[in-house]
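Q: According to our numbering, the sequence shown is numbered sequentially starting from 63.
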Amino acid sequence: CSSDLETWTINSSPIYTSTTQYITIYRKQKLENMPDFSANFILGYDLKGFSLRISYFYKDGYSLPNDIHYKVVQVMENKLSRLDIAVKQQILDNIYLILNLNNLTNSKEESIYKLLEQPWKTYQAYRNGINCDFGVRIEL
63 CSSDLETWTI
73 NSSPIYTSTT
83 QYITIYRKQK
93 LENMPDFSAN
103 FILGYDLKGF
113 SLRISYFYKD
123 GYSLPNDIHY
133 KVVQVMENKL
143 SRLDIAVKQQ
153 ILDNIYLILN
163 LNNLTNSKEE
173 SIYKLLEQPW
183 KTYQAYRNGI
193 NCDFGVRIEL
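(1) Examine chain D for any beta-carbon lying closer than 9 Å to the beta-carbon of Phe196, and answer yes or no.
(2) What do you get for Lys121, buried or exposed, if any count of 16 or more other CB atoms within 10 angstroms of its CB means buried?
(3) State the start and end residues of the unbroken beta strand (DSSP E) segment that holds Gly106.
(4) Flag this pair as yes or no: are the beta carbons of Leu161 and Phe196 separated by less than 9 Å?
(5) Which residue's Cα is closest to the Cα of Ser169: Ile192, Ile157, Asn156, Val149?
(6) Identify the continuous beta strand (DSSP E) that holds Leu114 and give its terminal residues.
(7) Going by alpha carbons, who is nearest to Leu163 out of Lys150, Lys141, Ala101, Arg199?
(8) Can you tell which of Phe99, Ser173, Glu171, Arg144 has its C-alpha closest to the C-alpha of Ile116?
(9) Look at Ile200 and Asn156 and say whether their C-beta atoms are less than 9 Å apart.
(10) Report the three-state DSSP secondary structure of Asn165 (helix, strand or coil).
(11) Using alpha carbons as the reference points, say which of Tyr188, Lys110, Ala148, Asn102 lies closest to Ser173.
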């Protein structure tokens, strides 16, 4: 299977004629803007009015290839892992205490954009830090 279009030529005597036929070629390729590996693990525990959820997310780093679609810029993303915990406790029949702890690993999301026609790099990083939400839920 060739990656280029194939040309078929038909000869007839005494007049020469040429016919081109385009053939569709299918090929496997990696999804764009997607890491090779990502995973999300969730572990939960429920007992009577208590609930605990632990979530771990991992994303492998990746870079976009330099080909005709990306003549101007090359993008590289770093790997990312984060840990979240959610806790809920029922204290009365209709009242719950809720605690969410997000990004306990204090992960930083990084992107590097490199202009191929210029020698410098542009760097972007987001560190959301460790976030905490606390609340009371009342069911009426």
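Ideal Cβ placement from N, Cα and C applies to all residues, glycine included.
A: Taking the definition as stated:
(1) No chain D appears in the structure shown, which is made up of a single protein chain.
(2) buried
(3) 100–109
(4) yes
(5) Ile192
(6) 112–121
(7) The residue with the shortest Cα to Cα distance from Leu163 is Lys150.
(8) Arg144
(9) Less than 9 Å divides the Cβ of Ile200 from the Cβ of Asn156.
(10) coil
(11) Tyr188
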